[in-house]
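**Student:** Counting in this note's numbering, the sequence shown runs without a single skipped number right up to 540 at its last residue. Note that CB positions come from ideal geometry on N, CA and C, so glycine has one too.
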Amino acid sequence: MIQSYKKSPKLAEAYDAILIGTGIGCLCAGALLSKTGKKVLLLERHYTAGGFTHVFKRKGFEWDVGIHYIGEVQRPNSVLRKLFDYVSDKELQWDDMGEIYDRVILGNKQYDFVKGVDNFKSKMGEYFPNEKEAIERYINLIFAANKAASKFYIDKALPKMTSALLGKYMRKKYLKYSDRTTYDVLSELTKDETLIKVLCGQYGDYGLPPKQSSFAMHASVAKHYMQGGSVPAKGSSEILNTIEKVIEKGGGTILVRAEVDKIIVKNNKVKGVKLTDGNCFYAQTIISGTGIFNTFENLLPSDVIYSHKLNEKLRKVSPSVGYGCLYIGLNGSPEDLKLPKTNLWIYPDDLDHDGCVERFLNNNKTEFPLVYISFPSAKFSDWNERYPGKSTIDIITMIPYEAFAKWDGTAWKKRGEAYEIKKEEFAQRLLQHLFKQLPQLKGKVELYEFSTPLTAKHFSNYKQGALYGIDHNPKRFRQKFLRPKTKIKGLYLTGQDIVTAGVGAALFSGLITASAITGINFIKRIFK
Ligand SMILES: Cc1cc2nc3c(=O)[nH]c(=O)nc-3n(C[C@H](O)[C@H](O)[C@H](O)COP(=O)(O)OP(=O)(O)OC[C@H]3O[C@@H](n4cnc5c(N)ncnc54)[C@H](O)[C@@H]3O)c2cc1C
Numbered sequence: 013m014i015q016s017y018k019k020s021p022k023l024a025e026a027y028d029a030i031l032i033g034t035g036i037g038c039l040c041a042g043a044l045l046s047k048t049g050k051k052v053l054l055l056e057r058h059y060t061a062g063g064f065t066h067v068f069k070r071k072g073f074e075w076d077v078g079i080h081y082i083g084e085v086q087r088p089n090s091v092l093r094k095l096f097d098y099v100s101d102k103e104l105q106w107d108d109m110g111e112i113y114d115r116v117i118l119g120n121k122q123y124d125f126v127k128g129v130d131n132f133k134s135k136m137g138e139y140f141p142n143e144k145e146a147i148e149r150y151i152n153l154i155f156a157a158n159k160a161a162s163k164f165y166i167d168k169a170l171p172k173m174t175s176a177l178l179g180k181y182m183r184k185k186y187l188k189y190s191d192r193t194t195y196d197v198l199s200e201l202t203k204d205e206t207l208i209k210v211l212c213g214q215y216g217d218y219g220l221p222p223k224q225s226s227f228a229m230h231a232s233v234a235k236h237y238m239q240g241g242s243v244p245a246k247g248s249s250e251i252l253n254t255i256e257k258v259i260e261k262g263g264g265t266i267l268v269r270a271e272v273d274k275i276i277v278k279n280n281k282v283k284g285v286k287l288t289d290g291n292c293f294y295a296q297t298i299i300s301g302t303g304i305f306n307t308f309e310n311l312l313p314s315d316v317i318y319s320h321k322l323n324e325k326l327r328k329v330s331p332s333v334g335y336g337c338l339y340i341g342l343n344g345s346p347e348d349l350k351l352p353k354t355n356l357w358i359y360p361d362d363l364d365h366d367g368c369v370e371r372f373l374n375n376n377k378t379e380f381p382l383v384y385i386s387f388p389s390a391k392f393s394d395w396n397e398r399y400p401g402k403s404t405i406d407i408i409t410m411i412p413y414e415a416f417a418k419w420d421g422t423a424w425k426k427r428g429e430a431y432e433i434k435k436e437e438f439a440q441r442l443l444q445h446l447f448k449q450l451p452q453l454k455g456k457v458e459l460y461e462f463s464t465p466l467t468a469k470h471f472s473n474y475k476q477g478a479l480y481g482i483d484h485n486p487k488r489f490r491q492k493f494l495r496p497k498t499k500i501k502g503l504y505l506t507g508q509d510i511v512t513a514g515v516g517a518a519l520f521s522g523l524i525t526a527s528a529i530t531g532i533n534f535i536k537r538i539f540k
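Quick look at the structure:
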C-alpha cells in the first residue's frame, strides 16, 4: 500500500494543477504533468484511489471493480502499452489471458473469440461457413474505422484556432462511422441475424445494444481485444501503485477522502477548489475527471453553468444504463475449481440484443438481456501466492437505476430489509446462470455480495450509477464540447466521457488532456 494512505501527506496550499478524481484519466494526466515538472494534487472523494481501477477486499478475498481485461497491452509497441509504460516508469506488467478471451453463449451454442485477427476470422468462418466474405468485410471495416479514429481524437487536443481551421477535416472520416449504428452497418454486411448477434456479443463492454450504439464504439472495442486480453500482473491495484510513484516522484500528491464541492471560478477563470469539509486548494489549472454530468451540473457555480449554457449541452448526451455486479468468493483455488480465464457473455437466444434489453427494461423479472461472468482469480499469474485456496468470480448485468431508485438517499449498508430482499433475488438469479455454466461450483461459494446502481453511485458518484459515463450512441460523437479544454479559463476535462469508456480509452483521455494543457506531443515522447 502507498505511504500517503497510511499517514497524512504533506500538503501545500497551491499547486500547478489540481485534478478532481483519481480514475485512470486523472492518474495518466497527473503522471504526464508530473513528468513535465508540474506539481499536481489529485483529490479523491472515495476512501481509496483509482476510480474504477480500484480493488476492494472482504474476508480474505479481493475483487476488481472496473477491470476484467485490457486489450493491446500485450503488443510492446502499441500506443496503449507505450503509454502505460511511460506513466508507470515501466513498472506495470501484464498477465495474458490466453487464446480465448471471450465466449459468447446463445442458448446451447457457444462462440469463441480467439486471439489474433486471422484466427478470429477463421474461427468465425467455422461457425458461419456461408458468411466468410461478410466476416472479411466486417474485419476490414473495423480496422478502417479505427484508422480514422486517431485524427478525430488528435483534434480534441488542438488549440481552439487550429481546431477551428483543421478540425472539420480531421473529424470528418471518423464521423462517417460514428454517425451510424452498429446494426445499420452490420446488417449491410450480412442478413444472418445470429452472426450479427455473435459479433455484437461484447456490447456489454460499452453498454448499448447494436440498434442504439455507434458503430465507431463497436469497432473500437472489437479491435481493442482482437489481439487478446490482459490484466495487470499482481492485481489491478498495481495500476494505482505504479502510477502514484511517478506522481510522487514529481512532487505530486494523491489525497483520498477529499471530495470537491465546488470549483472556484472568478471572472471566468479557475482559481482553485473548495472541498466538502471546507478546505480550499488553489491552482491556475483544474482538471475534472469526474464525468461531464458531475462537472457541469454539480462542481461549477450556477452562474458559470448558465452563462455558458452548460445545462443545454448536457441535454445532448445521456447517462449510460446502471449495472449490478455479484462479487463471489469461493473455496478452492482456480485450478481446483476448474475456472477458465475466458469471459462468458450469456444471452437469451429468442430475441435480438435490442429486443432482449427492451423486454428487461420494461419488466426486470424477465430474462436478463446479458449476463457477463469473469473469473479474475484465474487470470492473475500470482493469485495462488496472494490468496491460496481461494477464488473469485464477478457476474455483471444491466440493472436500471429505476429498479432501486426508491432507496436513493438511504445510506450505504443501511438501506433496509426490502432493499436487501430485492438484491438477494437478483443475486440468486445470477448464481443460477453461474451454476448452469459451471455446475462444479455448487457448494463452493463461501460468500457473495450484490452491488446495485446505488452502490455504484455511492462509490463512483456517477449519476444514477451509470455503468460507463455517458451513452455511446452516434449523437455522442458529434458533441464538440466533449474535449479537454472548456470555455472556462484553466478548466479542463479528462476521463471516459471525453474519449469513450474502457481503461485504455480513459488512459488515452489523460494524454490528450495533458497535451491540450501543455502543448506537448506526448505521443512523440512515449515512443522516444
Ligand atoms: C463494472 C465495470 C466493468 C468494467 N470492465 C472493464 C474492463 O474489463 N476493461 C476495460 O478496459 N474497462 C472496463 N470498464 C470501464 C473502465 O473501468 C472505465 O471506463 C474507466 O476506468 C473510467 O475511468 P475514468 O478516468 O473516466 O474515471 P473513473 O474511474 O470513473 O473515476 C472517477 C473518479 O472521480 C471520483 N470523483 C467523483 N466526484 C468527485 C468529487 N466531487 N471529488 C473528488 N472525486 C470525485 C470518483 O470517486 C472516481 O474515483 C468497466 C467499468 C465498469 C463499471
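When every heavy atom of ligand 1 is checked, does at least one fall within less than 7 Å of the C-beta of Gln214?
**Tutor:** Flag unset: Cβ of Gln214 not near ligand 1.
**Student:** Tell me which residues share the same chain as Lys22 and place their Cβ nearer than 8 Å to its Cβ, disregarding the 5 neighbours each side in the sequence.
**Tutor:** Same-chain partners within the cutoff: Thr265.
**Student:** Would you say the beta carbon of Asn473 is closer than 7 Å to some non-hydrogen atom of ligand 1?
**Tutor:** Yes, since a heavy atom of ligand 1 falls inside the 7 Å radius drawn around the Cβ of Asn473.
**Student:** Going along the chain, which residues of its own chain have a beta-carbon closer than 6 Å to the beta-carbon of Ser521, five neighbours each way excluded?
**Tutor:** Only Gly37, Thr506, Gly507, Ile510 and Val511 meet the Cβ criterion.
**Student:** Can Ala355 and Tyr113 be called in contact, C-beta distance under 8 Å?
**Tutor:** A small correction: the amino acid at residue 355 is Asn; Ala does not occupy that position in the sequence shown. Their beta carbons are under 8 Å apart, which means Asn355 touches Tyr113 by this criterion.
**Student:** Helix or strand or just coil, what does DSSP make of Ser232?
**Tutor:** Correct three-state label for Ser232: helix.
**Student:** When DSSP builds the beta bridges, which residues end up paired with Tyr504?
**Tutor:** Tyr504 pairs with Ile299 and Lys497.
**Student:** Report the residue from Val329, Asn291, Cys368 and Gly110 whose alpha carbon sits nearest the alpha carbon of Glu309.
**Tutor:** Ranking the options by Cα distance to Glu309, first place goes to Val329.
**Student:** In whole angstroms, give me the CA-to-CA distance for Leu207 and Ala228.
**Tutor:** Rounded to the nearest angstrom, the two C-alpha atoms are 19 Å apart.
**Student:** Between Gln508 and ligand 1, is there a pair consisting of the residue's CB and a ligand heavy atom that are separated by less than 7 Å?
**Tutor:** Gln508: yes, Cβ under 7 Å from ligand 1.
**Student:** Cys368 by DSSP, collapsed to three states: which one?
**Tutor:** Reduced to three states, the DSSP call for Cys368 is helix.
**Student:** Please report the residue range of the beta strand (DSSP E) in which Tyr27 lies.
**Tutor:** Where Tyr27 is concerned, the enclosing beta strand (DSSP E) stretches over Ala26 to Ile32.
**Student:** Is the beta carbon of Ser292 within less than 7 Å of some heavy atom of ligand 1?
**Tutor:** Checking the displayed sequence, the identity of residue 292 turns out to be Cys instead of Ser. Answer for Cys292: no, Cβ out of range of ligand 1.
**Student:** How do the region 218-228 and the region 143-151 stand: do at least 3 beta-carbon pairs fall below 8 Å, yes or no?
**Tutor:** Taking 8 Å as the limit for Cβ pairs, the verdict is that the region 143-151 does not touch the region 218-228.
**Student:** Could you spell out where the alpha helix (DSSP H) holding Trp357 opens and where it closes?
**Tutor:** Unbroken run through Trp357 is the beta strand (DSSP E), Asn355 to Tyr359; no alpha helix (DSSP H).
**Student:** Among Asp273, Gln296, Glu271 and Asn291, which one has its Cα closest to the Cα of Lys283?
**Tutor:** Closest option to Lys283, Cα to Cα, is Gln296.
**Student:** How far does the beta strand (DSSP E) with Gln476 in it extend, from its first residue to its last?
**Tutor:** From DSSP, Gln476 is part of no beta strand (DSSP E); its letter is neither H nor E.
**Student:** Alpha helix (DSSP H) containing Gln122: first to last residue?
**Tutor:** Gln122 -> not in any alpha helix (DSSP H); beta strand (DSSP E) instead, spanning Lys121 to Val126.
**Student:** Nearest-angstrom Cα distance between Tyr237 and Lys127?
**Tutor:** Spanning the two alpha carbons is a distance of roughly 8 Å.
**Student:** CA-CA distance, Glu397 and Met410?
**Tutor:** So the two alpha carbons sit approximately 33 Å from each other.
**Student:** Please tell me whether Lys469 and Gly481 are closer than 8 Å, where the distance is taken between their beta carbons.
**Tutor:** No. Outside cutoff.
**Student:** Confirm the yes/no value for this check: CB of Ala526, any heavy atom of ligand 1, distance under 7 Å.
**Tutor:** No, the beta carbon of Ala526 sits no closer than 7 Å to any heavy atom of ligand 1.
**Student:** Hey, would you say Gly62 sits closer than 8 Å to Ile299, going by beta carbons?
**Tutor:** Contact: no.
**Student:** Less than 7 Å separating the Cβ of Gly35 from some heavy atom of ligand 1?
**Tutor:** Yes, the Cβ of Gly35 comes within 7 Å of a heavy atom of ligand 1.
**Student:** Of the choices Phe305, Ser162 and Lys274, whose alpha-carbon is the least far from that of Lys325?
**Tutor:** Of the candidates Phe305, Ser162 and Lys274, the one whose C-alpha sits nearest the C-alpha of Lys325 is Phe305.
**Student:** Determine the burial state of Ala26: buried for a count of at least 16 other Cβ atoms within 10 Å of its Cβ, exposed for fewer.
**Tutor:** Per the 10 Å Cβ criterion, exposed.
**Student:** What residues match up with Lys283 in a beta bridge as DSSP calls it?
**Tutor:** In DSSP, Lys283 forms no bridge with anything.
**Student:** Can you tell me which residues form a DSSP beta bridge with Asn343?
**Tutor:** DSSP, once it has assigned bridges, lists Lys402 as partnering Asn343.
**Student:** Determine, using beta carbons only, whether Thr404 and Pro381 come nearer to each other than 8 Å.
**Tutor:** No, the Cβ-Cβ distance between Thr404 and Pro381 is not below 8 Å.
**Student:** When you compare only the Cα positions, how much space is there between Met13 and Phe68?
**Tutor:** Interpretation of Met13 is limited by its pLDDT of 36, a score under 50 that renders its predicted location unreliable; the figure taken from the coordinates is listed afterwards. The straight-line gap from Cα to Cα measures roughly 13 Å.
**Student:** Under 8 Å Cβ to Cβ from Ser242, same chain only, skipping five residues before and after it: list those, please.
**Tutor:** The answer, listed in chain order, is Tyr81, Ile82, Gly83, Val85, Gln86, Trp106, Asp107, Asp108 and Met109.
**Student:** Could you pull out every residue in the same chain whose Cβ sits closer than 7 Å to the Cβ of Phe534, ignoring the five residues on either side in sequence?
**Tutor:** Counting only Cβ-Cβ distances below 7 Å, and skipping sequence neighbours, we find Leu44, Leu523, Ala526 and Ser527.
**Student:** If I follow the unbroken beta strand (DSSP E) through Asp76, where does it start and stop?
**Tutor:** That run of the beta strand (DSSP E) goes Phe73 to Asp76.
**Student:** In three-state DSSP terms, what is Ser527?
**Tutor:** Helix.
**Student:** Less than 8 Å between the beta carbons of Cys40 and Val91, yes or no?
**Tutor:** Contact flag unset, no.
**Student:** With three or more C-beta pairs closer than 8 Å as the rule, is the region 160-173 touching the region 493-501?
**Tutor:** Result yes; three or more Cβ-Cβ pairs closer than 8 Å.
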